[in-house]
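Here the structure comes first, spelled out in structure tokens, and everything after it is commentary.
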Amino acid sequence: MPTPVVITRPIVVIHGNQVKDLPDSYKRYLMNYFRKSLDVMGTPIRIQFKEGENPFANKRNTLTPNQMRKRKRLIKHIKKSK
Numbered sequence: 421m422p423t424p425v426v427i428t429r430p431i432v433v434i435h436g437n438q439v440k441d442l443p444d445s446y447k448r449y450l451m452n453y454f455r456k457s458l459d460v461m462g463t464p465i466r467i468q469f470k471e472g473e474n475p476f477a478n479k480r481n482t483l484t485p486n487q488m489r490k491r492k493r494l495i496k497h498i499k500k501s502k
């Protein structure tokens with residue numbers, strides 16, 4: 421009895437921000453680039469785009485005392501020059 425052969429196509433996973441907004445032309449470019457560089461011409465390649473959450477999205481940046489002094493100095497300088 422013949423053994424079934426499972427053929428899986430190569431999967432390239434790309435992690436990034438705003439990957440859902442990539443144009444289709446750029447996705448085709450990436451697919452062709454990976455086909456050429458991996459030397460798998462004629463083999464279908466699957467590209468997965470994964471987007472994570474920004475861990476700093478809702479956090480306010482707290483300034484150090486030195487940064488606060490510098491900020492006050494800059495604001496004072498800007499107000500003076502107007």
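By this note's numbering, the letter at position 48 of the sequence shown is numbered 468, and the numbering carries on one by one without gaps.
For glycine and all other residues, C-beta sits at the position ideal for the given N, C-alpha and C.
All values derive from a computational prediction rather than experimental measurement.
Contact under 8 Å by Cβ, residue i with residue j
{"i": "P430", "j": "L458", "result": "yes"}
{"i": "G436", "j": "E471", "result": "yes"}
{"i": "I434", "j": "M451", "result": "no"}
{"i": "V439", "j": "F454", "result": "no"}
{"i": "R491", "j": "L483", "result": "yes"}
Reduced DSSP secondary structure (H/G/I, E/B, other) of residue i
{"i": "Q438", "result": "coil"}
{"i": "I467", "result": "strand"}
{"i": "I427", "result": "coil"}
Neighbour flag for residue i against chain C, beta carbons, 8 Å
{"i": "A477", "result": "In the structure shown, chain C does not exist; there is a single protein chain."}
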